[in-house]
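Chains Z and W are the protein sequences, given in the same order.
With numbering that gives the first Met the number 0, the residue at position 64 of the first sequence is 63, and numbering never jumps.
With numbering that gives the first Met the number 0, the residue at position 13 of the second sequence is 12, and numbering never jumps.
Ideal Cβ positions, reconstructed from N, Cα and C, are used throughout, including at glycine.
Since we're looking at a predicted model, the values are computed, not measured.
Structure first, commentary second.
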Amino acid sequence: MQLRRDVFQAIADPTRRAILLLVASQAMTAGAIASNFDSARPTVSKHLQILTECELLNQEQQGREIYYQLNPQKMKEIADFIEPFRMLWDDRFNKLESIMKSHQLKK
Amino acid sequence: MERKTQVHAEAGKQEILITRTFELPVELLFKAYIEPEIVEQWMNTKVLKLENKRQGGYQFETTDPMGNKHLFSGVVHELVPNHKITRTFEMENTPFPVQLEFLEFEALTEQTSKLQMQMVFKSVTVRDQLLKMPFAQGINMAHNRLEKIFTEPNGN
């Protein structure tokens, strides 16, 4: 049984968010990433696997090493997903504002 | 320029924080929340009931672009004119659990004000689902609303 990884579940974890911050500046190997955490190496590997599955990280083979790097496209998708919700409220509030402005004038 | 409407939804938290500044005196901003005819206009809904007092209830009926009717309702827990409204919010006949809303109104200057709306959800999962709803429904809803605004005759 394969559970589809939810990207929001992925970023809900503080360690995984720390990993994303870490690789934001440069691609890193699993070993280099793990050295930044107290957690056991398999734990970090598991986090990397989850982040890779939901495409927040890309793997790139360089010689014998696998480097992990941030997938900016996917990060942008997360940032954008709140945007329609924000627009919905922005739209409502703009309407409220213009209605009350004319309300004020009528008085 | 800073956006007038801001949404904060921290990962892993079961709340959404919406803040908005208005070029309106706080009295007018508050009025837009308690006068049924005004609520109907900006919320694009029909107001069936709006009791602005502690333990008062409210119920809105909104018709979506497909013509389906949706009921939204809740109970008021706290209402301090020009300062705050604390209330529950529920989408009737949906699997979504009730949520809690803290609305805080603040006068910035005589002519400007700020609204902070804190929505608290039963779980992080529910919060994320709700946050994603406008995204999932596509730009459809916003488009329809925009279209309506543009085709509505101007003036009162």
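Near Ala-8 (chain W), what residues of its chain come up, given a Cβ to Cβ distance below 6 Å and the 5 sequence neighbours on each side ignored?
Ile-15, Leu-130
Considering just the uninterrupted stretch of the alpha helix (DSSP H) at Phe-29 (chain W), what are its terminal residues?
25-33
Helix or strand or just coil, what does DSSP make of Val-7 (chain W)?
In the sequence as displayed, the identity of residue 7 (chain W) is His instead of Val. Strand.
Neighbour-count burial assignment, Ala-9 (chain Z), 16 or more Cβ in a 10 Å radius:
buried
Test: Leu-21 (chain Z) CB closer than 7 Å to a CB of chain W
no
According to DSSP, is Thr-14 (chain Z) helix, strand or coil?
helix
Take Ile-138 (chain W) and list the residues in its own chain whose beta-carbon comes closer than 6 Å to its own, dropping the five residues that flank it on each side.
Per-residue confidence for Ile-138 (chain W) stands at a pLDDT of 41, beneath the threshold of 50, marking its modelled position as unreliable; no derived number is given.
Is the CB of Lys-94 (chain Z) under 7 Å away from at least one CB in chain W?
yes
Is the beta carbon of Lys-75 (chain Z) sitting closer than 7 Å to the one on Leu-55 (chain Z)?
no
Taking the C-alpha atoms as reference points, what is the distance between Pro-13 (chain Z) and Lys-48 (chain W)?
43 Å
So, for Ile-33 (chain W): in the same chain, excluding its five sequence neighbours on each side, which residues have a beta-carbon less than 6 Å away from its beta-carbon?
Asn-51
Quick one: residues in its chain with C-beta nearer than 7 Å to the C-beta of Asn-153 (chain W), no 5 flanking neighbours on either side, listed in chain order?
The predicted model places Asn-153 (chain W) with a pLDDT of 47, which falls under 50 and marks its position as unreliable, so this point remains unresolved.
So is Val-38 (chain W) buried or exposed if we call it buried at 16+ other beta carbons inside 10 Å?
buried
Pro-71 (chain Z) versus Tyr-57 (chain W) - alpha carbon distance:
44 Å
Residue-level contact to chain Z via CB, Asp-127 (chain W), 7 Å cutoff
yes
Chain W within 7 Å of Leu-87 (chain Z), Cβ atoms only
yes
Just checking: is the beta-carbon of Leu-99 (chain W) within a distance shorter than 7 Å of some beta-carbon in chain Z?
no
State the beta-bridge partners of Glu-60 (chain W) as determined by DSSP.
W:Lys-45, W:Leu-70
If contact means a Cβ-Cβ distance below 7 Å, which residues of the stretch 32-51 of chain W contact chain B?
Structure shown: chain B not included; protein chains present are Z and W.
May I ask which residues mark the beginning and end of the beta strand (DSSP E) holding Leu-69 (chain Z)?
64-69
Quick one: residues in its chain with C-beta nearer than 6 Å to the C-beta of Thr-18 (chain W), no 5 flanking neighbours on either side, listed in chain order?
Gln-5, Gln-115
Under 7 Å, do Leu-95 (chain Z) and Ala-106 (chain W) count as touching if we go by C-beta distance?
no
For His-82 (chain W), the nearest candidate out of W:Glu-91, W:Gln-13, W:Phe-101 (CA to CA):
W:Phe-101
Residue interval of the beta strand (DSSP E) (run including Ser-112 (chain W))
112-119
Cβ neighbours of Ile-84 (chain W) in the same chain (closer than 6 Å, five flanking residues each side left out):
Leu-78, Leu-102
Using CA atoms only, rank isn't needed, just tell me which of W:Asn-43, W:Thr-20, W:His-76, W:Arg-53 is closest to Leu-70 (chain W).
W:Asn-43
Closer than 6 Å by C-beta to Ser-64 (chain Z): which residues in its own chain qualify, once you throw out the five before and the five after it? Chain order, please.
The sequence given here has Glu at residue 64 (chain Z), not Ser. Thr-28, listed in sequence order.
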